[in-house]
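**Student:** Numbering (this note's numbering), first residue to last: 140 to 719.
We put the beta carbon where it would ideally sit given N, CA and C, even for glycine.
One structure coming up, written as structure tokens, with questions to follow.
The following block contains the structure:
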């Protein structure tokens, strides 16, 4: 069985239940609107559910079934998605125990890969009635399965690193130095960070003058140097890029799959004449060591260490160099997996955000930027749609955190709030009040800020903005003359604090040419700067003459934000089009 971390409560089997995978299947249930979703690991005689939501008792508590109750076994055996509209109509599935005992009628499952790339189970969505699954449903499950696979690989890499670290603590000066390597690389999360950490560790422990981390670029089929964080371009050295083959020490070590130790420059040039400097002279170093790195995900690379003086490598020194290469390979694997996880998470975030409507007489634009320090996914969101009477509804919200957990919670709140606000004719405070009640009654455990606004017809070609604010930064209203008004109102509580506390709806007229801006605090809040000052700066940037489109306006407001914020940023703007 692929090990998972059990953090769930006592209601479920603590050996199997895993809170991270439960959050993933909760996200599946929200995105696909199904009652049941699972992350399944298929064993020779049973299947277990580290991620499970919506199973009937006692299966939700047991977190396991025999294979007589398994559809996921077919996904594992075929390594292909399984899409079933009505299992009762499929001969091989009609008598499966999952139909009667688990209520599985419609099933859509995709393969789940383990750390070594083999299929270990499935990620699936289940409905208790017939359903026609779409290509989009399969695509969403595939994205979630990719995120689950990255989590399994990341855990395996972390576990391997922890095992090596514990072994390094056990004895002796050599193990102490190995521990220094592990500590130096433990916090490296990007490839440039890994390159910088390797350089620092090798210089401190082994006395190297320079270090080079190279990875094979699959597009160019060359060994490409990874620039170390903080290293200047002119410090890249003699090997920014090398062809694969046997003409140069790093690529030769990679081709042979064995470490290569060269005691001095003369030995290097005798074996590798092509390794001379760019000016045709001797190599600009003496001793060197070149180690192949078997990196996970089919991204092989090398680690090259060089010294300014000749060196006779002792067995102990060779052992330390090989140990540094192992730690480096683990750190590179971790960085590659984190980058993959961020890419999948970003795709999921985009799936959670909707498309803008195009109501007559109004212009809409929106933006979302993930935190520069997070997993490229978070709890900020915007939403815009027309309610059942055709009135435009705008929503901006912010769930605490900028990670997959926050995104899963955000998906739940967004879906519930959209449903509540769709009912026409009621003030926005009613939608937030119903959300409060749902969060409390369903025990979502969420805490969020939000603004819900509805745009109603007004006099003289204008509109009326009605809004309710649940502890969120106030909307900004830019009048046609360029002045900006902060739509401050007596503060209401955050969503999830007190379902019995009444909320209020506020109204203001929007003249033709007016612009309303909703935003999250990531745009205005910075360290050593209070929120009011940030709002004042944003109001100043919004004021004045702005003849461009709303998209141009949002791009201008976001100038300088990428790479400088520790929080997610969501923006939603509406403009009342002047009558022609």
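When we look at the beta-carbon of residue 230 and count the other beta-carbons within 10 Å, is it buried (16 or more) or exposed?
**Tutor:** Answer is exposed; the Cβ neighbour count stays below 16.
**Student:** Could you tell me the alpha carbon to alpha carbon distance between residue 654 and residue 539, rounded to whole angstroms?
**Tutor:** Rounded to whole angstroms, residue 654 to residue 539 spans 28 Å at the Cα level.
**Student:** Since residue 250 is in the beta strand (DSSP E), which residue starts that stretch and which ends it?
**Tutor:** Segment 245-252, the beta strand (DSSP E) holding residue 250.
**Student:** Might you give, ordered along the chain, the residues of its own chain that have their beta carbon closer than 6 Å to the beta carbon of residue 420, omitting 5 neighbours on each side?
**Tutor:** Reliability fails at residue 420, whose pLDDT of 45 lies under 50, so the model's placement of it is uncertain and no value is given.
**Student:** Would you identify the three-state DSSP class for residue 688, choosing helix, strand or coil?
**Tutor:** DSSP places residue 688 in coil when its eight states are reduced to three.
**Student:** Let me check understanding here. Comparing Cα to Cα, which of 707, 613, 324, 671 lies closest to residue 464?
**Tutor:** Ranking 707, 613, 324, 671 by Cα distance to residue 464 puts 324 first.
**Student:** What's the call for residue 215, buried or exposed, on a 16-neighbour Cβ count within 10 Å?
**Tutor:** With 16 or more other Cβ atoms within 10 Å, it is buried.
**Student:** Assign residue 672 to one of three DSSP states: helix, strand, or coil.
**Tutor:** Helix, per DSSP.
**Student:** Check each candidate in 647, 614, 584 and name the one with the smallest Cα separation from residue 634.
**Tutor:** Residue 584 is the option with its Cα nearest to residue 634.
**Student:** Which value, in whole angstroms, describes the spacing of the CA atoms of residue 183 and residue 260?
**Tutor:** Rounded to the nearest angstrom, the two C-alpha atoms are 11 Å apart.
**Student:** Drop a sphere of 10 angstroms on the beta-carbon of residue 337, count the other beta-carbons inside from all chains shown, and report buried for 16 or more, exposed for fewer.
**Tutor:** Classification of residue 337: buried, given that the 10 Å Cβ count is 16 or more.
**Student:** Taking just the CA atoms, how far does residue 300 sit from residue 462?
**Tutor:** If I take the Cα positions, the gap works out to 12 Å.
**Student:** Taking residue 613 as the reference, which of 591, 596, 409, 621 has the closest Cα?
**Tutor:** Per the Cα distances, 591.
**Student:** So what's residue 188 in DSSP terms, helix, strand or just coil?
**Tutor:** In this structure, residue 188 counts as strand in the three-state DSSP scheme.
**Student:** Do you know offhand how far residue 160's Cα is from residue 201's?
**Tutor:** So the two alpha carbons sit approximately 16 Å from each other.
**Student:** If you pair each beta-carbon of the segment 292-299 with each one of the segment 438-458, do three or more pairs fall below 8 Å?
**Tutor:** Touching, no, given that fewer than three Cβ pairs across the two stretches are closer than 8 Å.
**Student:** In this structure, how does DSSP classify residue 388 when only helix, strand and coil are distinguished?
**Tutor:** In the structure shown, residue 388 sits in a helix (DSSP, three-state: H, G or I).
**Student:** Rounded to a whole number of angstroms, what is the C-alpha to C-alpha distance between residue 390 and residue 288?
**Tutor:** For residue 390 and residue 288, the distance between alpha carbons rounds to 31 Å.
**Student:** Buried or exposed: residue 720, going by 16 or more other Cβ atoms within 10 Å of its Cβ?
**Tutor:** Examination of residue 720 is not possible in this model, given that the chain is present from 140 through 719 alone.
**Student:** Give me the DSSP bridge partner(s) of residue 443.
**Tutor:** Looking at the DSSP assignment, residue 443 forms a beta bridge with 351, 429.
**Student:** Rounding to the nearest angstrom, what Cα-Cα distance links residue 199 and residue 240 in this structure?
**Tutor:** Going from the Cα of residue 199 to the Cα of residue 240 covers about 12 Å.
**Student:** Check whether the segment 615-630 touches the segment 555-563, counting contact only when three or more Cβ pairs, one atom from each stretch, lie closer than 8 Å.
**Tutor:** Touching, no, given that fewer than three Cβ pairs across the two stretches are closer than 8 Å.
**Student:** Quick one: what does DSSP say residue 527 is sitting in, helix, strand or coil?
**Tutor:** Correct three-state label for residue 527: coil.
**Student:** Just the C-alpha distance for residue 181 and residue 219, rounded to the nearest angstrom, thanks.
**Tutor:** Going by the C-alpha atoms only, they are around 14 Å apart.
**Student:** Express the C-alpha separation of residue 151 and residue 197 in angstroms, rounding to a whole number.
**Tutor:** Cα to Cα, the separation comes out at about 10 Å.
**Student:** Using DSSP with H/G/I as helix, E/B as strand and the rest coil, what is residue 602?
**Tutor:** Residue 602: strand per DSSP, three-state reduction.
**Student:** For residue 520, which of helix, strand or coil comes out of DSSP?
**Tutor:** The answer is strand: DSSP assigns residue 520 an E or B state.
**Student:** Identify whether residue 209 lies in helix, strand or coil by the three-state DSSP scheme.
**Tutor:** Residue 209: coil per DSSP, three-state reduction.
**Student:** Should residue 598 be counted as a contact of the ligand GDP given a C-beta to heavy atom distance under 7 Å?
**Tutor:** Ligands displayed in this structure: none; no statement on the ligand GDP is therefore possible.
**Student:** In this structure, does DSSP put residue 260 in helix, strand or coil?
**Tutor:** Three-state result, residue 260: strand.
**Student:** If you follow the beta strand (DSSP E) that residue 660 is in, where does it begin and where does it stop?
**Tutor:** First-last for residue 660: undefined, no H or E at that position.
**Student:** Exposed or buried, residue 270, counting other C-beta atoms within 10 Å across all chains shown (16 or more means buried)?
**Tutor:** Buried, by the Cβ-count rule.
**Student:** What is the DSSP secondary structure of residue 346, reduced to helix, strand or coil?
**Tutor:** DSSP places residue 346 in coil when its eight states are reduced to three.
**Student:** Following the continuous beta strand (DSSP E) through residue 579, name the residue where it begins and the one where it ends.
**Tutor:** Element bounds for residue 579: not the beta strand (DSSP E) but the alpha helix (DSSP H), 567-580.
**Student:** Please determine, among 683, 616, 546, the residue with the shortest C-alpha to C-alpha distance to residue 169.
**Tutor:** Minimum Cα distance to residue 169 is reached at 546.
**Student:** Here's the rule: buried if 16 or more other CB atoms are within 10 angstroms of the residue's CB, otherwise exposed. What is residue 417?
**Tutor:** At residue 417 the pLDDT is 48, less than 50, meaning the model places this residue with poor confidence and gives no usable figure here.
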